[in-house]
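The UniProt record's numbering puts the last residue of the sequence shown at 164; the count rises by one with no breaks.
Glycine included, every Cβ here is placed at the ideal spot set by N, Cα and C.
This structure is a prediction, so every number in the text was calculated from the model and none was measured.
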Amino acid sequence: MDSESAKNCIYDFSAKDIDGNEVSLDKYRGNVVLIVNVASNCGFTKSNYKQLNELYDKYENAGLRILAFPCNQFLNQEPGCEMDIKEFAKKNNIRFDMFSKVDVNGKTAHPLYNYLKEQKGGLLGSFIKWNFTKFLVDKQGHPVQRYAPTVEPKNIEKDIEALL
1 MDSESAKNCI
11 YDFSAKDIDG
21 NEVSLDKYRG
31 NVVLIVNVAS
41 NCGFTKSNYK
51 QLNELYDKYE
61 NAGLRILAFP
71 CNQFLNQEPG
81 CEMDIKEFAK
91 KNNIRFDMFS
101 KVDVNGKTAH
111 PLYNYLKEQK
121 GGLLGSFIKW
131 NFTKFLVDKQ
141 GHPVQRYAPT
151 VEPKNIEKDI
161 EALL
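So, in structure tokens, the structure goes:
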């Protein structure tokens, strides 16, 4: 059994934040977490970032945390370095947590994404199909729902409320 298989919840993982600091996801223990693979140059970017900010502003004090993982695996829509991504996030007033660029599919996929896909497979296989695939995680760190990129953040608000 490999080390990824031994992981029981998102708190068992760590990832580098946008500044390159290793962050244990245990820091999100007790919060409802929405994990999203993002890209700066996608057709879904503007509406998703706007709605994710709105959800974060509305539910941050109730315990919602949003973790954004930039990814360049879909038509090179996140080509910049971390500094470029951070600048884009700042320009767009992103207030939730931004992580360093990761792969979400294939042999180089981040272990967190391998775990999420294993726990909540999608239609036509578990691989991530596009930018802005969303995973909703309960306060115990377990993924409870996966949303396709076409599902707007505002349309999962009721699911978030139910977990808070």
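Reduced DSSP secondary structure (H/G/I, E/B, other) of residue i
i: Asn155; result: helix
i: Phe69; result: strand
i: Ile35; result: strand
i: Lys16; result: strand
i: Phe127; result: coil
i: Phe96; result: coil
i: Leu163; result: helix
Host beta strand (DSSP E) of residue i (start-end)
i: Tyr147; result: Pro143 to Tyr147
i: Lys134; result: Lys134 to Val137
i: Glu22; result: Glu22 to Ser24
Pick from the options that is closest to residue i, judged by C-alpha positions
i: Asn76; options: Val104, Ser100, Asn41 and Asn93; result: Asn41
i: Lys50; options: Lys90, Gly20 and Pro79; result: Lys90
i: Asn61; options: Val38, His142 and Val32; result: Val32
i: Ile160; options: Ser47, Asn21 and Gly63; result: Gly63
i: Gly20; options: Lys154, Val102, Asp138 and Val38; result: Val102
i: Tyr147; options: Lys58, Gly121 and Lys139; result: Gly121
i: Thr133; options: Glu22, Val23, Phe74 and Glu82; result: Phe74
i: Asn155; options: Phe96, Asp97 and Asn48; result: Asn48
i: Tyr11; options: Leu116, Phe88 and Tyr56; result: Leu116
i: Lys27; options: Asp57, Gln119 and Arg65; result: Arg65
Cα-Cα separation between residue i and residue j, rounded to whole angstroms
i: Asp17; j: Ser100; result: 5 Å
i: Glu54; j: Arg29; result: 22 Å
i: Tyr113; j: Val104; result: 6 Å
i: Cys9; j: Lys46; result: 30 Å
i: Val151; j: Lys129; result: 13 Å
i: Val144; j: Pro79; result: 31 Å
i: Lys139; j: Thr108; result: 28 Å
i: Asp84; j: Phe127; result: 27 Å
i: His142; j: Leu25; result: 12 Å
i: Asn93; j: Gly125; result: 34 Å
i: Lys158; j: Leu164; result: 10 Å
i: Ala162; j: Leu136; result: 11 Å
i: Met1; j: Cys81; result: Unreliable positioning characterises Met1 in this predicted model, as indicated by a pLDDT of 38, which lies under 50. A coordinate reading is not provided.
i: Gly106; j: Ala15; result: 17 Å
i: Glu87; j: Phe96; result: 14 Å
i: Lys7; j: Asn131; result: 25 Å
Residue range of the alpha helix (DSSP H) that includes residue i
i: Asn8; result: Segment: none, Asn8 is in no alpha helix (DSSP H) and carries neither H nor E.
i: Thr45; result: Thr45 to Tyr59
i: Pro111; result: Pro111 to Gln119
i: Glu82; result: Glu82 to Lys91
heavy atom of the ligand SAM below 7 Å from residue i C-beta
i: Lys154; result: The ligand SAM is absent from the structure shown, which contains no ligands of any kind.
Whole-number beta carbon distance between residue j and residue i, since they are thought to touch under 8 Å
i: Val23; j: Phe69; result: About 12 Å separates the two Cβ atoms, so there is no contact after all.
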